[in-house]
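Scroll down for the structure; my scribbles are underneath it.
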Amino acid sequence: MNEEKDLKEDHERVIKIIVSDDQMTAFIKFSKPAEESPAFSKEQLLDLLKQNRIEFGINEIALAQLVNRPIYNIKIKVAEGKAVVDGKDGSVEYFVKKDSEYHPEYNEDQEKKIDYKNLNYFQMVEKNQILCEITKEEAGTDGINVYGEVISAKNGRGPAVPTGKNTELSEDDTKLIATCDGIVKFIGNTIHINEMLHILSNVDFSTGNISFSGDVTVDGDVCSGFSVQSGGNLIVKGVVEEAKIEVAGNVLISKGIYGGRSGQIKIGKDLRCNYIEKAHISVGGDITVDFIIDGQITCMGNIELAGSREIIIGGEIQLIGELTAKEIGNERELPTIIRILGENTVNTDVIENLNKKMAEKKLQMKATFEKKTQVKSLILDQERKDIRKNSQDDDALKQLTVIKKEIDKQINALQNNINEIKAEIEKEEKQGHIDYFGSVSVKRKLHRGVKICFGESVFQHELDNLEHCKIYWSDDQIINGML
Numbered sequence: 004m005n006e007e008k009d010l011k012e013d014h015e016r017v018i019k020i021i022v023s024d025d026q027m028t029a030f031i032k033f034s035k036p037a038e039e040s041p042a043f044s045k046e047q048l049l050d051l052l053k054q055n056r057i058e059f060g061i062n063e064i065a066l067a068q069l070v071n072r073p074i075y076n077i078k079i080k081v082a083e084g085k086a087v088v089d090g091k092d093g094s095v096e097y098f099v100k101k102d103s104e105y106h107p108e109y110n111e112d113q114e115k116k117i118d119y120k121n122l123n124y125f126q127m128v129e130k131n132q133i134l135c136e137i138t139k140e141e142a143g144t145d146g147i148n149v150y151g152e153v154i155s156a157k158n159g160r161g162p163a164v165p166t167g168k169n170t171e172l173s174e175d176d177t178k179l180i181a182t183c184d185g186i187v188k189f190i191g192n193t194i195h196i197n198e199m200l201h202i203l204s205n206v207d208f209s210t211g212n213i214s215f216s217g218d219v220t221v222d223g224d225v226c227s228g229f230s231v232q233s234g235g236n237l238i239v240k241g242v243v244e245e246a247k248i249e250v251a252g253n254v255l256i257s258k259g260i261y262g263g264r265s266g267q268i269k270i271g272k273d274l275r276c277n278y279i280e281k282a283h284i285s286v287g288g289d290i291t292v293d294f295i296i297d298g299q300i301t302c303m304g305n306i307e308l309a310g311s312r313e314i315i316i317g318g319e320i321q322l323i324g325e326l327t328a329k330e331i332g333n334e335r336e337l338p339t340i341i342r343i344l345g346e347n348t349v350n351t352d353v354i355e356n357l358n359k360k361m362a363e364k365k366l367q368m369k370a371t372f373e374k375k376t377q378v379k380s381l382i383l384d385q386e387r388k389d390i391r392k393n394s395q396d397d398d399a400l401k402q403l404t405v406i407k408k409e410i411d412k413q414i415n416a417l418q419n420n421i422n423e424i425k426a427e428i429e430k431e432e433k434q435g436h437i438d439y440f441g442s443v444s445v446k447r448k449l450h451r452g453v454k455i456c457f458g459e460s461v462f463q464h465e466l467d468n469l470e471h472c473k474i475y476w477s478d479d480q481i482i483n484g485m486l
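All letters in the sequence shown, in the order written, are residues 4 to 486 by my numbering.
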């Protein structure tokens, strides 16, 4: 309710002080008296406001105007409080989509066909990528009513920062950043970055081709015509069909690989699987498998046949290390080739010293070229001075020219030294000896039709099958030993 107070003075003049319900505005209303009475001064009006406890936001200009020209029966605002300003709530602007909102983009080729194999079915981010931007809450500003009473403001509420696994805030707490490459996963409103991509089904048209920087697990098969690229390790709980696999780390395939001759598999470290059939495979580490049929395999480590069959039939296998199997080849004498890759053994100490000498000469060459550049600049400056002075300082130019010629001689000598060192390195490398440290061990039977190659040298037994044998290289020849 409005707060009203009557004040009767001389000559029946009445002044009413009116305060708004929110106590933020005060008014004066003059009621016109029946007879003329003495006018009020501004000080008397101020005193009247004070008697009514009004002390903040008084408009003295309005009071002065009322004194000079009274207005009757109309409320005149003479005081106004300071409005309260509530704070703003914080907010979060997302730069990644929630799981329910994310859908792959359909890219069309020139013929307006959609490539369903290369749809980005998973929302991937890179390390240090900004996931969302955070606007902090703002504090409110208190108000004051006409009675001078403070009105407390409401402060803004802080935003719910969606910090989750593998995320961190920036130094100023205004950005959420991914700490690793991975897949975006929302749990509620919290952002998590999973370093492992888990495919709950086959890699097929339902997932598209997979390309991920971390570990990948596939609960089903990798179907023909699709690819999986992983910067970490790969686990496939089914079969790898005629697919393309490229993995930086280790690969475990619960069943096996059927490449269909066009499947291409490249593995940075070790491979473990049940079988390999008609597949092109390159492995940077070791291979452990039960049986291999008609495979084209390059292995930079060892190959161990382990399981119930432990047999190799057909194809060509190249490796640096040791191959161990129960049986290689078959009764039909299907061509099977095992190549032990050689290593060029050179005098590494000599080559290392030569490389150091060459590096030193190249540094000297660089410094000498810098000197030559400086001298050429000095010669050019001297020629400009002579032109401006219309004279020729033969002595200065001659001295600089002599220095330049001497530097050219040094450069030629250094280049000759570098060429000589290069020739010595090439000579040492050519004198290196190729050695074969790998071997083939057969625990049961080595069939006829199997070739075991050490460079140009080939071991092939044409008579009876061999049993319990180890074929290896020693003293520049192939040795057929017993296990």
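Backbone N, C-alpha and C fix where the C-beta goes; we use that ideal spot for every residue, glycine too.
8 Å CB neighbourhood of residue i in its chain, flanking five on each side removed
| i | result |
| --- | --- |
| Ile323 | Cys302, Met303, Gly304, Ile343, Leu344, Glu346, Phe440, Gly441 |
| Leu417 | Lys364, Gln367, Met368, Thr371 |
| Gly484 | Cys472, Lys473, Ile474, Tyr475 |
| Ile428 | Ile354, Leu357, Asn358, Met361 |
| Thr170 | Leu134, Leu179, Ile180, Ala181, Thr182, Ile194, His195, Ile196 |
| Lys425 | Met361 |
Beta carbon of residue i nearer than 8 Å to that of residue j
| i | j | result |
| --- | --- | --- |
| Gln132 | Ala181 | yes |
| Val88 | Ile154 | no |
| Ser227 | Gly263 | yes |
| Gly93 | Met27 | no |
| Ala246 | Gly271 | no |
| Ile64 | Val95 | no |
| Gly332 | Val443 | no |
| Asp224 | Gly241 | yes |
| Glu129 | Asn158 | no |
| Glu336 | His464 | no |
| Ile316 | Thr339 | yes |
| Ile268 | Ile248 | yes |
| Leu49 | Ala82 | no |
| Ser34 | Val22 | no |
Where residue i falls: helix, strand or coil (DSSP)
| i | result |
| --- | --- |
| Phe368 | The residue you asked about is not Phe; residue 368 is Met in the sequence shown. Met368: helix per DSSP, three-state reduction. |
| Ile18 | strand |
| Glu325 | strand |
| Arg264 | coil |
| Leu337 | coil |
| Leu383 | helix |
| Asp25 | coil |
| Asn347 | strand |
| Thr404 | helix |
| Asp297 | strand |
| Ile57 | coil |
| Ile424 | helix |
| Glu7 | Residue confidence is low: Glu7 scores 41 on pLDDT, short of 50, so the model does not pin down where it sits. No coordinate-derived value is stated. |
| Thr376 | helix |
| Leu200 | strand |
| Leu486 | coil |
| Asn253 | coil |
| Ala246 | coil |
| Ile74 | coil |
| Lys359 | helix |
| Val445 | strand |
| Lys412 | helix |
| Asp398 | helix |
| Gln418 | helix |
| Asp13 | Here the model assigns Asp13 a pLDDT of 45, short of 50, so the residue's position is not dependable, and the following value carries that caveat. If DSSP states are grouped into helix, strand and coil, Asp13 belongs with the helices. |
| Val99 | coil |
| Ile50 | Correcting the residue type first, residue 50 is Asp in the shown sequence and not Ile. Three-state result, Asp50: helix. |
Neighbourhood of residue i by C-beta, 7 Å cutoff - its chain only, sequence neighbours within 5 removed
| i | result |
| --- | --- |
| Ser311 | Asp293 |
| Gly151 | Glu58, Phe59 |
| Lys569 | Past the edges of the chain, shown from 4 to 486, lies residue 569, and the structure says nothing about it. |
| Cys276 | Ile256, Gly259, Ile260, Val292 |
| Leu486 | Ser444, Lys446, His471, Cys472, Lys473 |
| Lys101 | Phe189 |
Contact belief for residue i with residue j at Cβ below 8 Å, rounded distance in angstroms
| i | j | result |
| --- | --- | --- |
| Asn148 | Phe43 | The Cβ separation is near 25 Å, so there is no contact. |
| Pro165 | Ile194 | 5 Å |
| Gly235 | Asp218 | 4 Å |
| Phe30 | Ile79 | 6 Å |
| Ser460 | Ile482 | That pair is no contact at about 11 Å. |
| Gln377 | Leu403 | 10 Å between Cβ atoms; not a contact. |
| Gln1 | Val187 | Summary: the structure shown does not reach residue 1, with the chain confined to residues 4 through 486, and so no result is reported for it. |
Spatial neighbours of residue i in its chain, beta-carbon cut-off 6 Å, leaving aside the 5 residues before and after
| i | result |
| --- | --- |
| Phe215 | Leu200, Ser233 |
| Ala142 | Gly90, Asn158 |
| Ile455 | Ile341, Val443, Phe462, Ile474 |
| Lys448 | Glu330, Asn468, Glu470 |
Chain D within 8 Å of residue i, Cβ atoms only
| i | result |
| --- | --- |
| Val221 | In the structure shown, chain D does not exist; there is a single protein chain. |
The stretch 135-152 touching the stretch 53-68, judged by at least three CB pairs closer than 8 Å = The stretch 135-152 is in contact with the stretch 53-68.
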